[in-house]
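S.K.: This is the structure I want to talk about, given as C-alpha cells.
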Amino acid sequence: MGESVHAAIEREVREETGTQIRVGSLIGVYSDPTCQVIDYGNGRRVQAVNLCFEAEAISDGEPTTPQETLEQGYFRVEDLPTPFVPIHRI
C-alpha cells in the first residue's frame with residue numbers, strides 16, 4: 002500500500018540482492034494458472050501475477066534479506082542455471 006510498482010521493484014531488488022537498479026520498460030505480465038498457483042497449505046492458495054521489467058544495475062551492495070537470497074549472479078541467456086522456479090521459465 003502506498004508504493005508504486007517501480008518503487009517496489011527497486012526496493013525488492015535492493016533488499017534481496019543489494020543491487021541498486023534503474024527500472025526500464027515493462028516486458029510482460031504473466032498469470033498462467035497452470036504454473037502460477039501456489040499452495041501454502043491449510044487451504045491457502047493464491048495465483049501469482051508477475052510483472053516483468055527490464056532493468057539496469059547501477060551499483061552493487063549487500064543483500065539485507067540473506068534468508069531469501071542464497072546466491073546471485075549474472076548470466077547469458079544460454080548459460081542460465083537450473084532448476085528454475087516454474088513461473089520463472091516463462
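FYI, my numbering numbers position 85 of the sequence shown as 86, with every residue one higher than the one before it. Cβ coordinates follow ideal geometry from the N, Cα and C atoms, glycine included.
Out of Q48, P82, A56 and M2, which one is the CA nearest neighbour of L27?
M.R.: Taking only the C-alpha atoms, the option nearest L27 is A56.
S.K.: Grab me the residues of S32's own chain with a C-beta within less than 8 Å of its C-beta, minus the 5 sequence neighbours each way, in chain order.
M.R.: The residues are Q48, A49, V50 and N51.
S.K.: For the segment 66-81 against the segment 32-47, are there 3 or more C-beta pairs whose distance is under 8 Å?
M.R.: No, they do not touch.
S.K.: Just how far apart, CA to CA, sit P64 and T83?
M.R.: C-alpha separation (whole angstroms): 22 Å.
S.K.: With DSSP collapsed to three states, give me the class of R77.
M.R.: R77: coil per DSSP, three-state reduction.
S.K.: I need the straight-line Cα distance from I91 to F76, nearest angstrom please.
M.R.: If I take the Cα positions, the gap works out to 17 Å.
S.K.: What does the alpha-carbon distance come out to for the pair A9 and V24?
M.R.: Looking at the two C-alpha atoms, the distance is approximately 10 Å.
S.K.: Does DSSP classify A56 as helix, strand or coil?
M.R.: DSSP places A56 in strand when its eight states are reduced to three.
S.K.: Based on the DSSP secondary-structure assignment, which residues constitute the bridge partners of R46?
M.R.: Partner(s): D40.
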